[in-house]
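Visitor: Below you will find the structure I want to go over with you.
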Amino acid sequence: MQRSISAMVGKGSISHNRRTFTAENVDAVRTKNNVVFRSDNIKQVYSDLFGAALQQYNDKQTRKDRRIPDYYEKIRTSKQEKLFHEVIFQIGNKDDMNIRDENGTLAKAILTEFMDSFQERNPQLRVFSTHLHMDEETPHLHIDFVPFTTGSKRGLETRVSLKKALAQQGFVGGSRSETEWNKWIQAEKKELSAVMERHGVEWKQLGTNNPHLSVLEYKKQERTKEVEALEAEVNRIESKLKDLHDSEDYVSLNVDKYYTSAEWQVPTVLPMMGAKGYRERLVIPLVNNLKAVIKTVVSQYLHLKNSYKELMQNVSNMKKEIKSLNSHIKRAMFERGQFEEKAEDLDRLVDVIGKDKAESILNKPVPERTKTTRGWMER
Numbered sequence: 042m043q044r045s046i047s048a049m050v051g052k053g054s055i056s057h058n059r060r061t062f063t064a065e066n067v068d069a070v071r072t073k074n075n076v077v078f079r080s081d082n083i084k085q086v087y088s089d090l091f092g093a094a095l096q097q098y099n100d101k102q103t104r105k106d107r108r109i110p111d112y113y114e115k116i117r118t119s120k121q122e123k124l125f126h127e128v129i130f131q132i133g134n135k136d137d138m139n140i141r142d143e144n145g146t147l148a149k150a151i152l153t154e155f156m157d158s159f160q161e162r163n164p165q166l167r168v169f170s171t172h173l174h175m176d177e178e179t180p181h182l183h184i185d186f187v188p189f190t191t192g193s194k195r196g197l198e199t200r201v202s203l204k205k206a207l208a209q210q211g212f213v214g215g216s217r218s219e220t221e222w223n224k225w226i227q228a229e230k231k232e233l234s235a236v237m238e239r240h241g242v243e244w245k246q247l248g249t250n251n252p253h254l255s256v257l258e259y260k261k262q263e264r265t266k267e268v269e270a271l272e273a274e275v276n277r278i279e280s281k282l283k284d285l286h287d288s289e290d291y292v293s294l295n296v297d298k299y300y301t302s303a304e305w306q307v308p309t310v311l312p313m314m315g316a317k318g319y320r321e322r323l324v325i326p327l328v329n330n331l332k333a334v335i336k337t338v339v340s341q342y343l344h345l346k347n348s349y350k351e352l353m354q355n356v357s358n359m360k361k362e363i364k365s366l367n368s369h370i371k372r373a374m375f376e377r378g379q380f381e382e383k384a385e386d387l388d389r390l391v392d393v394i395g396k397d398k399a400e401s402i403l404n405k406p407v408p409e410r411t412k413t414t415r416g417w418m419e420r
């Protein structure tokens, strides 16, 4: 037996979870079958978690306006953090794990075992409300928690922070598709799949055949190959540049011979040698040799100078191209992350509404639209 796993971000409606009111999709007759694992008062949770840290923080403040009278209210009105977070876990969907047959009972057993060790696995996520709903189409688990971090150097020593809480549990974010939350969700899915295996159910992983991902992956691979080829060419050119520098060093090391070697010294006038003979037999050959050396040196210098300039320009152009290709690779990775998130959202939607209904919606013709002065409208 194979079943999918859904892990969705919940709205965090505690009154809905506790069935303070009955929604349209709830069968009130079966509400008595729901399981309440935990139902604590969130204000008391805040007091227990942050009371001592709040007192310590306020005691250090010399100005009254910097004190925090109520940490719960501070977070409730904050634009940076939420009072709490909710995650919903579900196995399969209404077609293969329906509440009305034995598969619904199996889902209840698996989710119960999964929940039993949730708080132990997540010490930085203080669970205060957990409900297993058995009165909708598919059993599912609502887990509400307050994420907190300790040892903070700013503000309260113990404070609310989802990012820091998950980081303290070992989930550090990377790319857009590898956030702390996504890594943690994936780890929890693996924990749930392990429980499923003990009950004879295999995890059916969805969203692995998305064509957009394969195209993006191909583009990424091709750009990576181009970068590697360019980097190899840069290394080759830089090696040539090193050879040029080595040649320069070689010339510098051998310049001394023109000062010390006998053949390059001003010839000594031999006894009984006249000025004409000295000039023709000794001076002119030496000058001609010097001219030849100078001509060769100047020619080599100009060649090396032009080669160096050309190679440096090639290196500069290639480095710019590498930078551009790396930008394309980063863009492809960013787009891949977006597609992965959309694919996961679609998988979760299919799990909730069922494959048949999803295909029915997708197969409906798209209404033709026409442009107006205010935007698009359906004809």
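Counting from 42, one number per residue, gives the positions in the sequence shown under my numbering. Just so it is clear, CB atoms sit at the ideal spot from N, CA and C, and this is done for glycine as well. Please read these numbers as outputs of a predicted model, since none were measured by experiment.
Report yes if the CB atom of LYS204 is closer than 8 Å to the CB atom of GLU219, and no otherwise.
Guide: Working through the sequence shown from its first residue, we reach residue 204 at position 163. Working through the sequence shown from its first residue, we reach residue 219 at position 178. Not in contact: LYS204 and GLU219 (Cβ atoms no closer than 8 Å).
Visitor: Taking 6 Å as the limit between beta carbons, can you name the residues of its chain near GLN210, skipping five residues before and five after?
Guide: Counting from 1 along the sequence shown, the entry for residue 210 is found at position 169. The answer, listed in chain order, is GLN165.
Visitor: With respect to the alpha helix (DSSP H) encompassing THR153, which residues constitute its N-terminal and C-terminal limits?
Guide: On the sequence shown, residue 153 is found 112 positions in, with the first residue counted as 1. Its alpha helix (DSSP H) spans residues 143-157.
Visitor: Got a sec, what are the start and stop residues for the alpha helix (DSSP H) MET175 sits in?
Guide: Along the sequence shown, read from residue 1 onward, the residue named residue 175 stands at position 134. Run containing MET175: none; DSSP gives neither H nor E here.
Visitor: Secondary structure at ASP185, three-state DSSP: helix, strand or coil?
Guide: Translated into the one-based positions of the sequence shown, residue 185 becomes position 144. ASP185: strand per DSSP, three-state reduction.
Visitor: ARG107 to ARG195, Cα distance in whole Å?
Guide: Your numbering for residue 107 matches position 66 in the sequence shown. Your numbering for residue 195 matches position 154 in the sequence shown. Approximately 13 Å, taken between the alpha carbons.
Visitor: What residue range does the alpha helix (DSSP H) around MET237 cover?
Guide: Numbered from 1 along the sequence shown, position 196 holds the residue referred to as residue 237. Judged by DSSP secondary structure, MET237 falls within the alpha helix (DSSP H) whose first and last residues are 221-239.
Visitor: Between the alpha carbons of ASP142 and SER193, how many angstroms are there, rounded?
Guide: Counting from one through the sequence shown, the residue named residue 142 turns up at place 101. Counting from one through the sequence shown, the residue named residue 193 turns up at place 152. Straight-line Cα distance between these residues: approximately 49 Å.
Visitor: I want to know whether the region 144-154 touches the region 49-57 - three or more CB-CB distances under 8 Å.
Guide: no
Visitor: Would PHE78 and MET156 qualify as a contact pair, given that the criterion is a beta-carbon distance under 8 Å?
Guide: As a first step, residue 78 is located in the sequence shown; it is residue number 37 there, counting from the start. As a first step, residue 156 is located in the sequence shown; it is residue number 115 there, counting from the start. Contact: yes.
Visitor: Can you list, in chain order, the residues of its chain whose CB lies under 6 Å from that of GLU154, leaving out five sequence neighbours each side?
Guide: The residue given as residue 154 occupies position 113 in the sequence shown. Result list for GLU154: VAL236, in chain order.
Visitor: Out of ASN99, TYR87, GLY133, point me to the one whose CA is closest to GLU114's CA.
Guide: Looking up residue 114 in the sequence shown gives position 73. GLU114 has its Cα closest to that of TYR87, out of ASN99, TYR87, GLY133.
Visitor: Could you check whether HIS181 and PHE125 sit closer than 8 Å to each other, using their CB atoms as the reference points?
Guide: Taking the first residue of the sequence shown as 1, we reach residue 125 at position 84. Taking the first residue of the sequence shown as 1, we reach residue 181 at position 140. Not a contact, by the Cβ cut-off of 8 Å.
Visitor: With a threshold of 8 Å on Cβ separation, who are the neighbours of ALA94 within its own chain once the five nearest residues in sequence on each side are excluded?
Guide: For the purposes of this step, residue 94 is taken as the residue at position 53 of the sequence shown. The residues LEU197, GLU198, THR199, ARG200, in chain order, have a CB closer than 8 Å to that of ALA94 in the same chain once the five nearest residues on each side in sequence are set aside.
Visitor: Answer with buried or exposed for GLY92, where buried requires no fewer than 16 other C-beta atoms within 10 angstroms of its C-beta.
Guide: Position 51 of the sequence shown holds residue 92. The residue in question, GLY92, is exposed, as its Cβ has fewer than 16 Cβ neighbours within 10 Å.
Visitor: Bridge partners of ILE132, per DSSP?
Guide: Reading the sequence shown from its first residue, position 91 is the one you call residue 132. DSSP, once it has assigned bridges, lists ILE46 as partnering ILE132.
Visitor: How many Å lie between LYS224 and ARG167 at the Cα?
Guide: Position 183 of the sequence shown, counting from 1, holds the residue named residue 224. Position 126 of the sequence shown, counting from 1, holds the residue named residue 167. Those two C-alpha atoms are separated by around 19 Å.
Visitor: Looking at C-alpha atoms only, which residue of THR191, GLU238, ILE226 is the closest neighbour of SER47?
Guide: As a first step, residue 47 is located in the sequence shown; it is residue number 6 there, counting from the start. Of the listed residues, the one whose Cα sits closest to SER47 is ILE226.
Visitor: Kindly identify the DSSP beta-bridge partner or partners of HIS126.
Guide: On the sequence shown, position 85 is the one that residue 126 refers to. PHE186, per the DSSP bridge assignment.
Visitor: When burial is assigned at 16 or more other CB atoms within 10 Å of the CB, is PRO110 buried or exposed?
Guide: Taking the sequence shown and counting its residues from 1, one reaches residue 110 at position 69. Label assigned to PRO110: exposed.
Visitor: Rounded to the nearest angstrom, what separates GLN102 and LYS84 at their Cα positions?
Guide: Translated into the one-based positions of the sequence shown, residue 102 becomes position 61. Translated into the one-based positions of the sequence shown, residue 84 becomes position 43. In this structure, the alpha-carbon of GLN102 lies about 24 Å from that of LYS84.
Visitor: Considering only C-alpha positions, which residue in the set GLN354, GLN341, LEU343, VAL128 is nearest to LYS52?
Guide: For the purposes of this step, residue 52 is taken as residue 11 along the sequence shown, with counting starting at 1. Of all alpha-carbon atoms in GLN354, GLN341, LEU343, VAL128, the one lying nearest the alpha-carbon of LYS52 is that of VAL128.
Visitor: Going along the chain, which residues of its own chain have a beta-carbon closer than 8 Å to the beta-carbon of ILE151, five neighbours each way excluded?
Guide: Start at 1 with the first residue of the sequence shown, and residue 151 comes out as number 110. Correct list, in chain order: ILE132, LEU233, VAL236, MET237, HIS240, VAL242.
Visitor: Return the CA-CA distance between ASN358 and LYS332, expressed in angstroms with no decimal places.
Guide: Locating residue 358 in the sequence shown gives position 317, where the first residue counts as 1. Locating residue 332 in the sequence shown gives position 291, where the first residue counts as 1. If you take the alpha carbons of ASN358 and LYS332, they lie about 39 Å apart.
Visitor: For TYR98, is the classification buried or exposed, using 16 other Cβ atoms within 10 angstroms of its Cβ as the cut-off for buried?
Guide: Position 57 of the sequence shown, counting from 1, holds the residue named residue 98. So TYR98 ends up on the buried side.
Visitor: Can you say whether LYS149 is buried or exposed, counting buried as having 16 or more other CB atoms within 10 angstroms of its CB?
Guide: Along the sequence shown, read from residue 1 onward, the residue named residue 149 stands at position 108. With 16 or more other Cβ atoms within 10 Å, it is buried.
Visitor: For a quick check, are the C-beta atoms of MET138 and THR171 less than 8 Å apart?
Guide: Here residue 138 is taken as the residue at index 97 of the sequence shown, counted from 1. Here residue 171 is taken as the residue at index 130 of the sequence shown, counted from 1. Not in contact: MET138 and THR171 (Cβ atoms no closer than 8 Å).
Visitor: Just confirm the distance between the C-beta atoms of ASN75 and LEU173, as a whole number of angstroms; I'd bet it's less than 8 Å.
Guide: Against the sequence shown, residue 75 aligns to sequence position 34. Against the sequence shown, residue 173 aligns to sequence position 132. Contact between ASN75 and LEU173 holds, with the beta-carbon distance rounding to 6 Å and staying under 8 Å.
Visitor: Below 8 Å on the Cβ atoms is my guess for THR61 versus ALA69; work out the distance and round it to an integer in Å.
Guide: Counting from 1 along the sequence shown, the entry for residue 61 is found at position 20. Counting from 1 along the sequence shown, the entry for residue 69 is found at position 28. About 13 Å separates the two Cβ atoms, so there is no contact after all.
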